[in-house]
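Take the sequence shown: its letter number 10 is residue 456 in our numbering, and every next letter is one higher.
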Amino acid sequence: MHFAPQVKKAIKAETCLFGTVDTWILWNLTGGAKGGKHYTDVTNASRTFLMNIELLTWDPLLLHTFKIPANILPEIKSSSEIYGRVARGFPLENVRISSILGNQQASLVGQRCLKEGQAKNTYRSGCFLLYNTGISKVQSTHGLVTTVAYKFGSKPAVYALEGSVAVAGAAMKWLRDNMGFMGDIQKETESLAQEVFNTGDVYFVPAFKGLYAPYWRKDARGIICGLTAFSTKQHIIRAALEAVCFQTRDILEAMNKDCGIPLTKLHVDGKMTVNSLLMQLQADISGMPVVRAQSQDITALGTAMAAGAAEGIKAWEIYSEERELVPSDTFLPTSTESERDARYTKWKMAVQRSLGWALAKKSSVMTGKFNSYNGSFET
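Here it is, written out as structure tokens:
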């Protein structure tokens, strides 16, 4: 905006509009330059770093700081209301458009984690864990992010705590592409990991680009430790799967400390969840039931639920518990508390050994060591 002459010129002529991907799609579907609707919803707007998540409006101070004119921004709407109709010339001409939701928030809705104290984790190249905190904004002191979960029509906004894992499924891709440990990730990962009873005390911290929540250490780098002459690729593959579960437990521990309401179960979805061994490991490492949705389209389902519940549509009541929309499998912990805590202690030791490998450039965001207990950076 500040460096492209054509954009500067368009802003001055008031012919420039800004928006996230949802804004662009809605604008085009509803007519584009011929009267298209220039809207976004609270969940997507909250990710721009320009919205006040309490007032649910564009923040004047942030706009001033970044020198962004308010008139180029889309109007912020709820996540479930009628925004307009599909314009002429499209296959769904005249169909009402009634939901906009961010990716992870749509997954939270699709998992029906609509009550305070419920959480879901999506397992893909990374992991994305959202904990519903209800209408209260919980300011994390343990390295998590406060975000808007959803807002249905005129109802109050619901908030969430979010923790992200940088590398989950991406570690399997690295083991395949860089190490040649397997051919087909989906077909071989689980079977290879099951060829050994445990990791042989091997721990894998896949901090290829630093560690995200709750550590926020960009100076961390990937390590494999605990190797012996008897360690095999099967041990390392299993350790990579366990790393996903340990990183998830890191976030769950932070959420429990921030919210004071310990989770009783974890809802899961995403491509990696087809791996039943991974799901059992997650239950054993976290010490709680893991409920796997038997669908790869939970995000789409969440958006459809919000669309169907919009005022003027009312195809269903979104809070109804009368029917299970998606069948699920439940994995129960088979480990004892002392067993999982002993292994988690070693995981934390491995994490400590991954820190400080890369020289972190100081910035206003990250200067020094992150204290995961009080949410501050120590210089």
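Beta carbons are placed, not taken as given, at the ideal position from N, Cα and C, and that holds for glycine.
Computed from a predicted model, the values in this text were never measured in an experiment.
Run the CB neighbour count on residue i, radius 10 Å, all protein chains shown included, and call it buried at 16 or more, exposed below.
| i | result |
| --- | --- |
| Gly706 | exposed |
| Thr461 | exposed |
| Gln632 | exposed |
| Lys480 | exposed |
| Ile581 | exposed |
| Val797 | buried |
| Gln640 | exposed |
| Thr780 | exposed |
| Arg799 | exposed |
| Glu688 | buried |
| Asn721 | buried |
| Leu575 | buried |
| Ser766 | exposed |
Spatial neighbours of residue i within its chain, please: C-beta separation below 7 Å, excluding the five flanking residues on both sides.
| i | result |
| --- | --- |
| Asp704 | Val584, Ser586, Thr587, His588, Leu590, Leu607 |
| Val453 | Met447, Cys462 |
| Gly802 | Asp665 |
According to DSSP, simplified to helix, strand and coil, what is residue i?
| i | result |
| --- | --- |
| Met447 | coil |
| Tyr765 | coil |
| Ala614 | coil |
| Thr503 | strand |
| Ile669 | strand |
| Leu560 | coil |
| Ser526 | strand |
| Met795 | helix |
Quick one: Cα of residue i to Cα of residue j, how far?
| i | j | result |
| --- | --- | --- |
| Gly563 | Gln551 | 15 Å |
| Gly873 | Leu727 | Since the first residue shown for the chain is 447 and the last is 825, residue 873 is missing from the structure and cannot be characterised. |
| Gln740 | Phe495 | 34 Å |
| Asp730 | Pro708 | 16 Å |
| Thr503 | Ser784 | 48 Å |
| Ala595 | Tyr605 | 5 Å |
| Arg525 | Ile499 | A small fix is needed here, since residue 525 is Ser in this sequence, not Arg. The alpha-carbon atoms of Ser525 and Ile499 are separated by roughly 14 Å. |
| Lys556 | Tyr658 | This sequence places Gly at residue 556; Lys is not what is there. So the alpha carbons of these two residues sit roughly 25 Å apart. |
| Gly733 | Gln693 | 14 Å |
| Leu805 | Ile457 | 40 Å |
| His681 | Met628 | 13 Å |
| Arg542 | Phe643 | 54 Å |
| Phe598 | Phe449 | 38 Å |
| Thr749 | Ala612 | 25 Å |
| Gln742 | Cys573 | 15 Å |
| Asp505 | Ala603 | 17 Å |
| Lys483 | Thr476 | 6 Å |
| Met701 | Cys691 | 15 Å |
Within its chain, find whatever has a CB closer than 6 Å to the CB of residue i; leave out the 5 residues flanking it on each side and keep chain order.
| i | result |
| --- | --- |
| Ala491 | Met497, Ile522 |
| Glu539 | Val532 |
| Pro773 | Gln740 |
Kindly indicate the opening and closing residues of the alpha helix (DSSP H) around residue i.
| i | result |
| --- | --- |
| Ser553 | 549-556 |
| Cys705 | 679-705 |
| Glu636 | 631-639 |
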